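Remarks on the structure that follows.
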Amino acid sequence: MSPSAHIQLSNDAIDELIKRVESLRLKIIQQAELAEKSLPALPAERLACAQNLLHYLALRSEDIRPLQDQLTCLGLSSLGRAEPHVLATINAVLHNLYLLSGGRRGGETADDVFSAFDTGADCLIDNTARLFGAPAEQRRGHIIVTMPVEAADDYLMVHQLLVSGMNCMRINCAHDYPEIWSRMIKTLRSAERATGRACKILMDLGGPKLRLGPMETTPAVLKIRPVRAANGRIRRAARIWLTPTREFFSEMPAADATLALDPEWFSKLKTGDRIRFKDFRGSSRVWRIRDVTADGCWAESKKTSYVANGTVLQAHSVNGDAVAETEIAGLAPQDSVCLVRPGDVLFVSATVEPGKRAILDSDGELLNPGRVSLAIPEVYRDVRLGEPIFFDDGRIGGIVEKCSAEQLQVRITHTRKPVERLEGNRGVNLPDTDLNLAALSTKDLQDIEFAARHADMIGLSFTNCSDDVRALYQHLQKLGRENIGAILKIETKRGFSNLPDILLEALKFKACGVMIARGDLAVECGFVRMSEAQEEIMWICEAAHVPVIWATQVLEGLTKRGHASRAEITDAAMAQQAEAVMLNKGRHIIEAVEVLDDILHRMQGHHRKKRSMLRKLHLATQFDQEN
1 MSPSAHIQLS
11 NDAIDELIKR
21 VESLRLKIIQ
31 QAELAEKSLP
41 ALPAERLACA
51 QNLLHYLALR
61 SEDIRPLQDQ
71 LTCLGLSSLG
81 RAEPHVLATI
91 NAVLHNLYLL
101 SGGRRGGETA
111 DDVFSAFDTG
121 ADCLIDNTAR
131 LFGAPAEQRR
141 GHIIVTMPVE
151 AADDYLMVHQ
161 LLVSGMNCMR
171 INCAHDYPEI
181 WSRMIKTLRS
191 AERATGRACK
201 ILMDLGGPKL
211 RLGPMETTPA
221 VLKIRPVRAA
231 NGRIRRAARI
241 WLTPTREFFS
251 EMPAADATLA
261 LDPEWFSKLK
271 TGDRIRFKDF
281 RGSSRVWRIR
291 DVTADGCWAE
301 SKKTSYVANG
311 TVLQAHSVNG
321 DAVAETEIAG
331 LAPQDSVCLV
341 RPGDVLFVSA
351 TVEPGKRAIL
361 DSDGELLNPG
371 RVSLAIPEVY
381 RDVRLGEPIF
391 FDDGRIGGIV
401 EKCSAEQLQV
411 RITHTRKPVE
421 RLEGNRGVNL
431 PDTDLNLAAL
441 STKDLQDIEF
451 AARHADMIGL
461 SFTNCSDDVR
471 ALYQHLQKLG
481 RENIGAILKI
491 ETKRGFSNLP
501 DILLEALKFK
511 ACGVMIARGD
521 LAVECGFVRM
531 SEAQEEIMWI
541 CEAAHVPVIW
551 ATQVLEGLTK
561 RGHASRAEIT
571 DAAMAQQAEA
581 VMLNKGRHII
591 EAVEVLDDIL
601 HRMQGHHRKK
611 RSMLRKLHLA
621 TQFDQEN
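Residues in the sequence shown are numbered consecutively from 1, following the working numbering.
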């Protein structure tokens, strides 16, 4: 039945609807009661959350769209926003259907029916406050910010983040170490006292992240080139900042390259001198000295230069006399990269030895395949032929052609660019592999002890099943900190599939939330499926009255480069459906927090979770005045 059709329902038709809804209600109650028998032991205040989740799962176990159309035609709830209060919604629909038929259901009053609506929504609000604290003034959503290492000592940055709207500091335990984390926390506490603003601390465990080992290093070669226009003409000469090694090694923002050189040689340089040398490729090059200061001097070059450790620089005066010479030293070796194309073979090795780049012939054809290291034995035990494998957040994908206990042979099937650069320490995803890894690594267990003393929440990375949640809870019990908040990060296909069981186990915690880690999850589920997956996660979590964190690449362009795309702004606006939004670190993070704060404040007037709020529209008011 189409919702747009004009329908005059008879009493018989309404009676049939009543029977359909009553049958649905009975099914939901019966299925939930059966499932309740296997529930873990939960605190009394969590039982209602678990029961509503079970009711919602029962509701969504069949296609009720025809019923929704019929209810909509009567001006009744379509059950489309039943997540926080499933039975209350169904009872309200039944109450109104009975009134339409001229009767009353079981003698119940309207107050009996509609008072239950507040319970579910209030429970989610309470659970959110228990996890993140009170929301900011005029904004329901909470803002989480990942800390860069600079936050350990940069008080002004942390202070500005708090003032701009940060509610929660995220410390990624996959980076830095306890001494740095302690200084971050100390800096935050000082900023809290100065601003009068409270801020929670989330410590995110590294978890069983699949990550490549390092690549072999190659001699450092520094490419220094002028800026050219589209027609190849030079727009600006290359700028080289030269500085004596006995002084501070000052990076100059305007420099295309910075070199620390021998102080004695440097002291002989004058404005107008020329520096002549044979570069790494054997080409003769000349740099002109434009300005000399006590801290360094500026040189310019109109040709591209390749310099390395051992490159001899000869200084010549304006009249051409040789003044002095020195060698470039101190350039750090560079990690090599493995170039891959669709159709190439790539070896993934269980060894801890650095990976090796692919060897190509003079025509660019593959001679020796590249090799990368992934020193996790469980991968080689669990992976099967024909299973997909992805590298670097899905930039590179392939199929496992051969496998052994020592290595995988992967056929590259797609790359985002015709030729992709695969670097060391990049992430790996095996979405179809039943990979059995321990939820908590040895390092995670050490980090938990620190987090239990200093943090308000612990993030469990790569939460795949209820056993993972149970392992975290049991370990925190041993430490006497089972009341700490838990953030369950859903970032694998397996974790997504097991979300209901994960939530039921997580309700043991006094406070818990779910993070939609959209980076890894998109690779695992597929980018097309990702939009649907994040919607389903929010539905299921709302039914359990569990707050959700919207994470990964939120306003990333603004955070890193100072410019947000239209798609990023739209994505940030959608984030208001969650209880919290997470920003990653970047040079423009303070501006990103300010923009996100403004977006969340504006959007909450239009939406509450996934329900549109019909606030007065300026456009409607203007139209009325004009007509």
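Backbone N, C-alpha and C define an ideal beta-carbon position, used for all residues, glycine too. Remember, predicted model here, so these are calculated numbers, not experimental data.
Sequence-distant residues of its chain with Cβ nearer than 7 Å to residue i (five each side left out)
i    : result
L331 : A220, L222, A308 and N309
G463 : In the sequence as displayed, the identity of residue 463 is Thr instead of Gly. For T463, where only same-chain residues beyond five positions count, the Cβ hits under 7 Å are V469, L488, K489, I490, G495 and I502.
K508 : P40, L42 and Y473
R197 : L162
R46  : L507
N172 : T146 and D204
R20  : L67
H55  : I28, A32, V86 and L87
L269 : I289, V292, C297 and A315
Rounded separation between residue i and residue j - CA only
i    : j    : result
T218 : K356 : 10 Å
C49  : A13  : 35 Å
E325 : S301 : 18 Å
L504 : G480 : 22 Å
S441 : A486 : 17 Å
L346 : E353 : 16 Å
M515 : E387 : 27 Å
L476 : M457 : 12 Å
Y155 : E591 : 17 Å
M603 : A573 : 7 Å
I64  : A578 : 26 Å
E83  : A92  : 14 Å
E594 : S164 : 5 Å
G141 : A194 : 23 Å
E137 : I484 : 25 Å
A58  : G120 : 17 Å
E16  : R105 : 15 Å
Residue j beta carbon less than 9 Å from that of residue i
i    : j    : result
T559 : M582 : no
I90  : R25  : yes
T146 : K585 : yes
I144 : L600 : no
E536 : L555 : no
L53  : A543 : yes
S373 : T351 : yes
P377 : A358 : no
V419 : V348 : no
Under the three-state DSSP convention, the category residue i falls into
i    : result
E568 : helix
I143 : strand
F450 : helix
F462 : coil
S164 : helix
I412 : strand
T433 : coil
A628 : With the chain covering only 1 through 627, there is no way to say anything about residue 628.
L87  : helix
C199 : coil
A230 : coil
C403 : strand
V419 : coil
A322 : strand
S284 : strand
T258 : strand
V428 : strand
Q477 : helix
R225 : coil
Neighbourhood of residue i by C-beta distance below 8 Å, restricted to the same chain and skipping five residues each side
i    : result
S250 : Here the model assigns S250 a pLDDT of 49, short of 50, so the residue's position is not dependable, and the following value carries that caveat. These residues qualify, in order along the chain: W241, T243, T258, D295 and G296.
Q51  : A32 and E36
D646 : Since the first and last residues shown for the chain are 1 and 627, residue 646 lies out of range.
Residue range of the alpha helix (DSSP H) that includes residue i
i    : result
Q51  : L47 to L59
I589 : I589 to M603
T128 : F117 to F132
G495 : K493 to S497
Range of the contiguous beta strand (DSSP E) that encloses residue i
i    : result
I376 : Where I376 is concerned, there is no enclosing beta strand (DSSP E), given that its DSSP letter is neither H nor E.
T243 : A238 to P244
M215 : Careful: M215 lies outside any beta strand (DSSP E) and carries neither H nor E.
V523 : No beta strand (DSSP E) holds V523; the alpha helix (DSSP H) holding it covers R518 to C525.
Q314 : V312 to H316
G485 : G485 to I490
Same chain, Cβ closer than 6 Å to residue i, neighbours up to 5 away in sequence not counted
i    : result
L614 : Low confidence applies to L614: its pLDDT is 45, below 50, so where it sits in the model is not reliable enough to give any reading.
F450 : P178
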